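Here is the structure we will look at, set down as structure tokens.
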């Protein structure tokens, strides 16, 4: 097994999907934070969908190679180590906080 090329069409399509999700979040979340869900309600299913997308993004990052000195590093172990050394802990902390927030919101 080899890591995916970060420039592959499959990953580019997923990245564009995530750009749309980020655009949605950058508009909707501040409004919801300021005025609550009364102005822009979001269903539980949609919220779960957003969370799953971000967890899928993390999984894909483990499976995505990277370029070093112009050459693709496609070894899965090296790709995973590279992700852990770069943005893994930021991604993980954001996803965990989002999950805790969701659990608190649905149980209170």
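Numbering (my numbering), first residue to last: 66 to 173. Note that beta-carbon positions come from the ideal geometry of N, C-alpha and C, so glycine has one too. Everything numeric in this text was worked out from a predicted model, so none of it was measured.
Boundaries of the alpha helix (DSSP H) in which residue i is found, first to last residue
i: residue 82; result: 74 to 100
i: residue 155; result: 153 to 172
i: residue 149; result: 141 to 150
Paired residues, beta bridge with residue i - DSSP
i: residue 69; result: 129
i: residue 137; result: 132
Nearest-angstrom Cβ-Cβ length linking residue i and residue j, presumed shorter than 8 Å
i: residue 69; j: residue 129; result: 5 Å
i: residue 116; j: residue 83; result: Actually they do not touch by this definition, with Cβ atoms about 13 Å apart.
i: residue 76; j: residue 125; result: 7 Å
Spatially closest choice to residue i from the options, by CA coordinates
i: residue 132; options: 144, 169, 121 and 124; result: 144
i: residue 123; options: 86, 104 and 156; result: 156
i: residue 106; options: 73, 141, 90 and 165; result: 90
i: residue 147; options: 97, 127, 111 and 95; result: 127
Proximity of residue i and residue j at Cβ, strictly below 8 Å
i: residue 67; j: residue 141; result: yes
i: residue 109; j: residue 171; result: yes
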